[in-house]
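Asker:
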Ligand SMILES: NC(=O)c1ccc[n+]([C@@H]2O[C@H](COP(=O)([O-])OP(=O)(O)OC[C@H]3O[C@@H](n4cnc5c(N)ncnc54)[C@H](OP(=O)(O)O)[C@@H]3O)[C@@H](O)[C@H]2O)c1
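Numbering (full-length UniProt numbering), first residue to last: 1 to 337.
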């Protein structure tokens, strides 16, 4: 291992992980064609740099992402923390729709399928990917807790839950991490979810910390710049006039980047990482990439510290973003708070 990054614990009894994880979704799903060889090299490079938390879900490519990761996990089982998720699936007749299930029989069949695809005996961190409001959270987390007792899962996580849902869940079983979108563009979890997590000793795992690539300047109009079928074409803030207006919000990020001799993406990642100090809780962002040089660039952002003046310059951005982060905001905790 070269020049490893610091580590932090997820939750009071959760796994110890490098302060930046790796989002593996794009290797099989959502963001256009992926080069399997480059993705494999990215996984290996990440590990060399001290990245230990690898994030997938049964939904990504309908199981394909878990299958793709299995050989990497097998080769490095003792060095990696495997995080996967249940609850979401895509109906075969409409790729734009999502089905959410939180009921015990569904969870039981989902965990067996994930264990099989990942080719492991135990999942290190098992998340509820989305909340099905028709099932009491106590029932869902109760079943997840049984999986821990049965040795199928080590630690529990929840994605896009409200503060109240998190409190109710924690009363049933310790929750190691809440995974939610958190970036310079998406700060709706800060008023309620983040304080609840801090109070309960739960870590935050920000997903899409690079704004799904928008914050790197990699694209502006998803509806024009990205390929057919790319899921970002469904996100209101990345399409049409919203996207054009939002691109202008990157100007202060550019100024800060210049001052540090860094990229826009590195400033976006440093900002998320610094939320740990601002809010007083462990924060482990999971930027997604399929390229080894980008994982190097992203990991290097863990060594950037933004000044108070720079943080103040970046502060107004999220409040000025045009368009929501999902077409249907009930898909995010902020839509239910
Ligand atoms: N819980 C949930 O509901 C949820 C939702 C979304 C995502 N996630 C998880 O969070 C992970 C990360 O989120 P995300 O992938 O949506 O968004 P992200 O990390 O904000 O951005 C990923 C995008 O940025 C590009 N990128 C990464 N590093 C870059 C760099 N240094 N320079 C330029 N471009 C760069 C990637 O392209 P390349 O891949 O081509 O490098 C990709 O298009 C996912 O992989 C997934 O595991 C969870």
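Note that beta-carbon positions come from the ideal geometry of N, C-alpha and C, so glycine has one too.
Restricting to Cα atoms, I'd like to know which of 74, 299, 327 and 175 is closest to residue 10.
Answerer: The count along the chain shown starts at 1 and reaches residue 10 at position 10. Of the listed residues, the one whose Cα sits closest to residue 10 is 175.
Asker: My guess is that residue 137 and residue 165 are in contact by the Cβ rule of under 8 Å, so how many angstroms apart are they, rounded?
Answerer: As a working mapping, residue 137 is identified with position 137 in the chain shown. As a working mapping, residue 165 is identified with position 165 in the chain shown. Contact between residue 137 and residue 165 holds, since their C-beta atoms are separated by about 5 Å, short of 8 Å.
Asker: Should residue 202 and residue 178 be called a contact, given that it needs their Cβ atoms to be closer than 9 Å?
Answerer: Numbered from 1 along the chain shown, position 202 holds the residue referred to as residue 202. Numbered from 1 along the chain shown, position 178 holds the residue referred to as residue 178. Residue 202 is a Cβ neighbour of residue 178, given a cutoff of 9 Å.
Asker: Less than 8 Å between the CB atoms is what I'm expecting for residue 169 and residue 135, so what's the real figure, rounded?
Answerer: Locating residue 169 in the chain shown gives position 169, counting from the first residue. Locating residue 135 in the chain shown gives position 135, counting from the first residue. Not quite, the Cβ-Cβ distance comes to about 12 Å (not below 8 Å), so this is no contact.
Asker: Determine whether the beta carbon atoms of residue 8 and residue 285 lie at a separation below 9 Å.
Answerer: As a first step, residue 8 is located in the chain shown; it is residue number 8 there, counting from the start. As a first step, residue 285 is located in the chain shown; it is residue number 285 there, counting from the start. The answer is no: Cβ separation not under 9 Å.
Asker: Among all the DSSP beta bridges, which residues are the ones paired with residue 99?
Answerer: If you number the chain shown from 1, residue 99 lands on position 99. For residue 99, which the question treats as bridged, DSSP gives the partners 89.
Asker: For residue 264 versus residue 275, is the C-beta distance shorter than 9 Å?
Answerer: Here residue 264 refers to the residue found at position 264 when the chain shown is read from its first residue. Here residue 275 refers to the residue found at position 275 when the chain shown is read from its first residue. No, they are not a contact pair.
Asker: Does ligand 1 have a heavy atom nearer than 8 Å to the CB of residue 31?
Answerer: Sequence index remark: in the chain shown, residue 31 carries index 31 (1-based). Yes, Cβ of residue 31 sits closer than 8 Å to a heavy atom of ligand 1.
Asker: Could you round the C-beta distance between residue 98 and residue 90 to whole angstroms and report it? I think they count as a contact, below 8 Å.
Answerer: The residue given as residue 98 occupies position 98 in the chain shown. The residue given as residue 90 occupies position 90 in the chain shown. 6 Å between Cβ atoms; contact.
Asker: For ligand 1, is there any heavy atom lying closer than 8 Å to the beta carbon of residue 289?
Answerer: Taking the chain shown and counting its residues from 1, the one referred to as residue 289 is at position 289. Taking the Cβ of residue 289 as the reference point, at least one heavy atom of ligand 1 falls within a distance shorter than 8 Å.
Asker: Looking at C-alpha atoms only, which residue of 331, 147, 280 and 252 is the closest neighbour of residue 267?
Answerer: The residue given as residue 267 occupies position 267 in the chain shown. For residue 267, the nearest C-alpha among the options comes from 252.
Asker: Looking at the secondary structure, which residues open and close the alpha helix (DSSP H) in which residue 267 lies?
Answerer: Position 267 of the chain shown, counting from 1, holds the residue named residue 267. Residue 267 -> alpha helix (DSSP H) spans 264-279.
Asker: With DSSP collapsed to three states, give me the class of residue 20.
Answerer: Taking the first residue of the chain shown as position 1, residue 20 is located at position 20. Three-state result, residue 20: coil.
Asker: Three-state secondary structure (DSSP) at residue 82?
Answerer: Position 82 of the chain shown holds residue 82. Residue 82 falls in the strand class under three-state DSSP.
Asker: Using the Cβ count rule (16 or more neighbours within 10 Å means buried), how would you classify residue 33?
Answerer: Taking the chain shown and counting its residues from 1, the one referred to as residue 33 is at position 33. Residue 33 comes out exposed.
Asker: Please name the residue, chosen from 71, 273, 61 and 188, that lies closest to residue 332 on a Cα-to-Cα basis.
Answerer: In the chain shown, residue 332 corresponds to position 332, counting from 1. The residue with the shortest Cα to Cα distance from residue 332 is 188.
Asker: Specify the secondary structure class of residue 48 as computed by DSSP and reduced to three states.
Answerer: Numbered from 1 along the chain shown, position 48 holds the residue referred to as residue 48. DSSP places residue 48 in helix when its eight states are reduced to three.
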